[in-house]
Amino acid sequence: MQVLKFGGSSVANADNINKVIDLVKQATVIDRTILVVSALGGITDMLIQAGQAAASGDESYKEKVQDIERRHLDTVKALLPITRQSSALSLVKTRCNEIEDICSGIFLLGELSARTQDKIVSYGELLSSLIIDARLTSLEVPHHWKDSRELIRTDSRFGHAAVDFVTTNRQIFDFMKGEANTRLFVLPGFVASDEKGITTTLGRGGSDYTAAILAAAVDAKVLEIWTDVSGMMTADPRLVSNVKLIPHISYQEAMELSHFGAKVIYPPTIQPVMRKDIPVWIKNTFAPSDPGTVIAPEAAHNGSSIRGITSIGRIALLSLEGSGMVGIPGFSRRLFEALSSQQINVILITQGSSEHSICVGVDESSAAAARTAVDSAFTSEINAGTVDPLVIETGLSIIALVGEHMKSHPGVSGKMFGALGRNGVNVRAIAQGSSERNISAVISSEDVRKAINVLHEEFFETSYRQLNLFVTGTGNVGRRLLDQLQQQQSFLEQQLRVHVRVIGLANSRKMVFDNNGIDLRHWKDRLENGQPMQLDKWVNGITSLNLRNAVFADVTANEEVAQVYDALLQKSISVVACNKIACSSPYGNYRRLKDLAREYNARFLFETNVGAGLPVIGTLNDLLRSGDKVRRIEAVLSGTLNYVFNNYTGERPFSLVVRQAQAEGYTEPDPRLDLSGTDVMRKIMILARESGEKIEMEDITNNSFLPASCMQGSVEDFYEAMMKEEETFKKLYFAAEKEGKKLKFVARYDNGKASVGLHHVGPDHDLYHLYGKDNVVLFFTDRYSEQPLVVKGAGAGAEVTASGVFADILRIINS
Ligand code: ADP
Ligand code: ASP
Ligand code: MG
């Protein structure tokens, strides 16, 4: 004997029912078969809504019953030949009239009891099984339809009845005795009856349970659960896009996964079959040749410590706290008794070792009843002030990692909470059973999608990680960053298993979001057709998307953009900036951003603030992290000034050389920032700060070579003023040339003091051999005391800056 159960979507309409019947016909060739069916998909919900509408005095219940009737009539008409339709149609009409009669009773009374609701919802399974019965008859497939209410006996807890297995098994046994020649049985799932024969139900999703009860009672060889997915997946496919099939899973693991929300199987289903070692096979009605999932006593090791990840929504966290609880036995017993007196199902329990509080997770719908029951059980302690009234928090969900092999793999919870922390998911409570088959955490429901995806990426490594990027700025650097991202996308996916998606793109005029990732080939059009840029809306949009591995890239030189890092870091969104404004703002602000990044587990990276794409800050950080101490830094940090002094020979006017530097993209948008030495001051300040120095711009000496007359007016005025000062520049150049030296704009940091200024540098010096727009940084440290550690190379230019930003972005996903 074998039992096959088909769920709501498998029998949702005539086409699907035909698929089911084909599968069942094939099955009966192999073995005697019990077919258990759910209501047509969505009908149970519609029946509940009709009952509820009637109870609240809303006449729309009539339309709802008509809709239900229409769904069934349409199915019958599409399924049966016309000559066979009339009796099935009248059966549907009669049953739907009964539903309407019950609803009108409810409407008059203004009350819907659990018992009446069970009666109403039972019609769903009755109708679906009777329609299938009629179809089998029309196809002349021999079978026997049987009302499950005559076989499955429960108590009278309507809505969620408990099975009386002794009576049930006896009734099934007695029935089967007389049916030795029947090859196919058809039964409605979900419904049962109590001692008095009154209709009960087994809880939402309970048709799976019906099938398991029957399978255990007849010692079936296998229980097949046919549904709309190809088996149990590593996570809910509606929440995670790259889920993987779990081919084998143990009873225990399947039970944990389903208990903690993997809806694919109703939690109590495993119990009866587990006792008899009957394997459960989860199959897809719409892809019957897919292998599906086998649930059996033991499952092969899958190479991961985790089998699956799941979640349950609508959780309320109840906390009972008070000094009166410490060291006194019996408190938890009284709490759980109070909850069980109201038949409140406890999903999760945690208690701090101080015994000062107990937290339990329950379904949100039970929270109010829990408050009344618990507060009355502890009235005297609450009055005496030794226990606080029950605290209830809602809007929560539980996420759980499940796997038999967790116990032999230390570090699973570290990995779990590390990943959640990096993504700003706040954990409200944690529980791990002593079986170590499950670790659960209570989090805000708003974070569930993000959390499940983060954990899925963390534990099922073969899939790729997603990096969600928000790029602000499409100027010289921004454009190249987007080009590089586009070129590298498939390499990153294949080699690093990172899927970089640009979810948002903005410049000073426009902004655009696309939750599926902007196609970078068309970013210009997408941005042009975007909404007008408004910085607050841009930031709100980014934070409210609440995506995992989110990175904000600031490739502007804009002051206002630099002010939003704060808000982003506080949402655990990492910030990568080539914009230097934040790091060169007052020390308090720089420090605060670094601290926020640490506090919220985000990264704040700005490698390109110094030396464009050269690994200057990264090298400095590595030195410090490994215990070295920076004594002195000597550097040429302005690609612009280096370019200008390398190209200026007293022949072509200085002003024109500067213009050329700007045209080639080597200057700040306002070149005076470079020429005045201000930009170099910012850079040496950032290096000093990164070395641990609390330093401000005012603390840095600037021996500027630029005459004051050049600093007035607009950028054009600046170029003109430089023309007039050509003699000054010539003098500077020839003074150095006479000594056989070059002009270099040098930045120094030496034991707490920083300065910038023009120097004559001779050929024996490390700073001399520096061409084009190159930068060089010499680090003199405790370990590099004789010969400095030298970082040297192209220190300006949009292409290298963009690649530095790109490298920072990748550093985040690889950290
Ligand atoms: P049926 O009506 O056939 O009983 P259900 O809707 O009860 O089907 O269960 C199947 C659904 O369970 C799937 O469509 C899927 O959305 C959901 N589901 C949740 N978690 C998982 C998981 N880990 N693996 C597979 N499906 C899951
Ligand atoms: N029809 C019932 C429900 O929707 C039972 C089931 O489908 O398993 O909950
Ligand atoms: Mg189900």
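Here the sequence shown is numbered in the working numbering, starting from 425 and rising by one per residue.
Built from N, CA and C at the ideal position, the CB exists for glycine as well.
If you compare alpha carbons, which of the options is closest to residue i?
i	options	result
residue 438	430, 507, 559, 493	559
residue 740	1139, 853, 922	853
residue 1056	554, 1173, 818	1173
residue 570	923, 632, 459	459
residue 562	513, 534, 503	503
residue 406	810, 815, 780, 809	There is simply no residue 406 to check, as the chain begins at 425 and stops at 1239 in what is shown.
residue 697	1145, 939, 598, 639	639
residue 392	932, 969, 967	Because the chain is modelled from 425 through 1239, residue 392 falls outside the range shown and cannot be assessed.
residue 787	756, 684, 725	684
residue 1152	1122, 1200, 1074	1074
residue 1216	1225, 1207, 1201	1201
residue 555	444, 971, 1192	444
residue 525	673, 540, 512, 514	540
residue 628	1014, 687, 877	687
residue 1052	1207, 937, 1024	1207
residue 427	879, 986, 452	452
residue 512	480, 552, 481, 966	552
residue 987	1008, 469, 936	1008
residue 473	842, 544, 440	544
Please state whether the Cβ-Cβ distance between residue i and residue j is less than 9 Å.
i	j	result
residue 1012	residue 1219	no
residue 916	residue 895	no
residue 520	residue 547	yes
residue 689	residue 667	no
residue 671	residue 608	no
residue 585	residue 429	no
residue 860	residue 840	no
residue 1059	residue 1175	no
residue 573	residue 631	no
residue 783	residue 844	no
residue 647	residue 702	yes
residue 706	residue 658	no
residue 1127	residue 1101	yes
residue 1027	residue 1050	no
Leaving out five residues on either side along the sequence, give the residues of the same chain with a beta carbon under 6 Å from the beta carbon of residue i.
i	result
residue 641	593, 596
residue 862	680, 824, 826
residue 456	425, 607
residue 805	748, 811
residue 1033	1004, 1007, 1110
Label residue i either buried or exposed according to how many other C-beta atoms from any shown protein chain fall within 10 Å of its C-beta, with 16 as the threshold for buried.
i	result
residue 498	exposed
residue 681	buried
residue 978	buried
residue 1229	buried
residue 925	buried
residue 923	buried
residue 1237	buried
residue 803	exposed
residue 945	exposed
residue 532	exposed
residue 972	buried
residue 1147	exposed
residue 400	A question about residue 400 goes unanswered here, because the residues of the chain that appear run from 425 up to 1239.
residue 1214	exposed
residue 880	buried
residue 752	exposed
Leaving out five residues before and five after residue i in sequence, what residues of the same chain have Cβ atoms less than 8 Å from its Cβ?
i	result
residue 1156	1129, 1167, 1182
residue 1124	1105, 1108, 1109, 1178, 1179, 1180
residue 722	674
residue 800	762
Which same chain residues end up closer than 7 Å to residue i when comparing Cβ atoms and leaving out the 5 residues on each side of it in sequence?
i	result
residue 1081	1068, 1071, 1072
residue 947	906, 929
Any beta strand (DSSP E) of 3 or more consecutive residues that is wholly inside the segment 932-977: DSSP runs (the beta strand (DSSP E)) wholly in the segment 932-977: 934-937.
Along the chain, which unbroken stretches of the beta strand (DSSP E) at least 3 residues long are found entirely within the segment 425-456? Counting only unbroken stretches of 3 or more residues, the beta strand (DSSP E) elements lying wholly within the segment 425-456 are 426-430, in sequence order.
Where in the segment 679-708 do unbroken runs of the beta strand (DSSP E), each at least 3 residues long, occur, reported from the N-terminal end onward? Here the runs fully enclosed are 704-708.
What runs of the alpha helix (DSSP H), each 4 residues or longer, lie entirely inside the segment 496-581? Here the runs fully enclosed are 506-533, 538-562.
With a floor of 3 residues, list each beta strand (DSSP E) that falls wholly inside the segment 906-934, ordered by position along the chain. Listed in chain order, the complete beta strand (DSSP E) runs (minimum 3 residues) inside the segment 906-934 are 922-930.
Residue ranges of each alpha helix (DSSP H) run of no fewer than 4 residues wholly in the segment 979-1006, ordered along the chain? If you keep only unbroken alpha helix (DSSP H) runs of at least 4 residues inside the segment 979-1006, you get 983-986, 989-993.
Unbroken alpha helix (DSSP H) runs of length 4 or more, entirely within the segment 836-869: which are they? DSSP runs (the alpha helix (DSSP H)) wholly in the segment 836-869: 836-846.
Start-end ranges of the beta strand (DSSP E) lying completely within the segment 760-813, minimum 3 residues: Runs of the beta strand (DSSP E) lying entirely within the segment 760-813, each at least 3 residues long, are 770-775, 781-787 in chain order.
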